[in-house]
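Report on the structure given below.
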Ligand SMILES: NC(=O)c1ccc[n+]([C@@H]2O[C@H](COP(=O)([O-])OP(=O)(O)OC[C@H]3O[C@@H](n4cnc5c(N)ncnc54)[C@H](O)[C@@H]3O)[C@@H](O)[C@H]2O)c1
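Numbering (this note's numbering), first residue to last: 474 to 791.
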C-alpha cells in the first residue's frame, strides 16, 4: 500500500512512517517542518520506499499532486499546542480546521478516498460522563484546539457522506514516548534540568490525566484501519487507567534521580481549557482485540529516558 502522511516529520507522524515502512508499505511524508524534525526521519530517509516532500497543507494543489497514487492519507499535521490557543485565536482555525478542509479537497482532486485523522479527547471538553465514550452527549467546547478538531471531524464526516470517502477519526488522550516534543513530561524535564530542587506545577497537581504510549497509539490506529470499513469510524484511544499530574511529576523526578519540592499555581486546572479529569472509555477499540502494552507509569518513564538520550530536543525551542 502507498500511504501519504501529513505532519509525518512530527512526533506521532514519524513513528507512523517508520512503522508503515517496516510493514513493507510505501510512504510519502508531507510536512512544513513547523514543529517537525528531519532527525525523526533519519531511518525513513534510508528507505527507497520513502519520499519526503516539504510543503504546507494550505497548498492544496501541491498536496494533491504529491498524494496522487496513494491508497490512504493519515492527516496528522496540526497546531498541536492545546495550551496557547487563546494567544493566537486564528491559529487553530487555520491549521486544524481549514487545513483539514484543504487535505480533503486535495484528496478529492487526487482521487484518494480514505483518511485517518488525529483528533483529540479535548473535543469532549469537561465531559459529563467519565469514562467518556465516543457517543457521549454532544460536548460543550472548552478550548479553541478542541473546537478546531471537532470542526475537522465534522468536515471529514461530511466528505464521507457527500463524496463516498471512508473516514477514521481517532480521539487520542495525550501521547507519550520516543520523539515526544511537547507536553508536561517535556516541560518538567526541562524545568528540572534548570533547577532540580524545585518544580512548579500548573494547577493543584490533582488533575487526573490518561496517557498512551505512542507505539500503542500506532497499533490501535492500524488495528482500526485494518478491521473497520464503516463510512465513518470513530474511536477513542487511551489506556484504561489515569493518574494525577502529581504522580507523573514524581515518576519523572525519580527517573531523573532528583527530589524536587513541588509548588503549585493553584486551582483545579493548569490553564483555561485544561480538562481537570480526562479519562476515555476505550471499550470500543478493545473490542477489536487491541490492548496497550505499556502502563501510564511505564510510558512516562520511557519518555523521560528518551528525552535524556536526546537533550537536543530540550534546546530546540520549536
Ligand atoms: N501528541 C499528543 O499528545 C496528541 C494528542 C491528541 C491529538 N494529537 C494530534 O496528533 C497529531 C500529531 O501530533 P504530534 O504530537 O505528533 O504533533 P507534532 O507537532 O510533533 O507534529 C505535527 C507535524 O505537523 C507539521 N505541520 C504543522 N503545520 C503544518 C502545515 N501547515 N503543513 C504541513 N505540515 C505541518 C509539523 O511540522 C509537525 O511535523 C496532531 O494533529 C495533534 O493535534 C496529538
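Ideal Cβ placement from N, Cα and C applies to all residues, glycine included.
Judged by their CB atoms, residue 626 and residue 592 are nearer to each other than the 8 Å cut-off. Taken in chain order, the complete beta strand (DSSP E) segments of 3 residues or longer contained in the stretch 578 to 624 are 587 to 593.
In this structure the stretch 710 to 729 touches the stretch 645 to 663; the number of beta carbon pairs closer than 8 Å is three or more. When DSSP reads this structure, residue 716 sits in a beta bridge with 682.
In this structure, DSSP gives residue 764 a state outside helix and strand, which the three-state scheme calls coil. Residue environment for residue 642: buried (at least 16 other C-beta atoms within 10 angstroms of its C-beta).
Within the stretch 502 to 537, the complete beta strand (DSSP E) segments at least 3 residues long are 523 to 527, listed from N- to C-terminus. In this structure, residue 612 has its CB at a distance of at least 7 Å from all heavy atoms of ligand 1. Taking 7 Å as the cut-off, one finds no heavy atom of ligand 1 near enough to the beta carbon of residue 741.
When rounded, the separation of the alpha-carbon atoms in residue 533 and residue 571 is 11 Å.
For the pair residue 549 and residue 601, the Cα-to-Cα distance works out to about 28 Å.
Between residue 622 and residue 692, the C-beta gap is not smaller than 8 Å, which leaves the two residues out of contact. If you look at residue 708, you'll find it in the beta strand (DSSP E) that goes 705 to 710. Between the stretch 715 to 734 and the stretch 668 to 677, the count of C-beta pairs closer than 8 Å reaches three or more; the two stretches touch. The stretch 544 to 582 is shown to contain whole beta strand (DSSP E) runs of 3 or more residues at 545 to 548, in chain order. Residue 641 sits in a strand when the DSSP states are folded into three classes.
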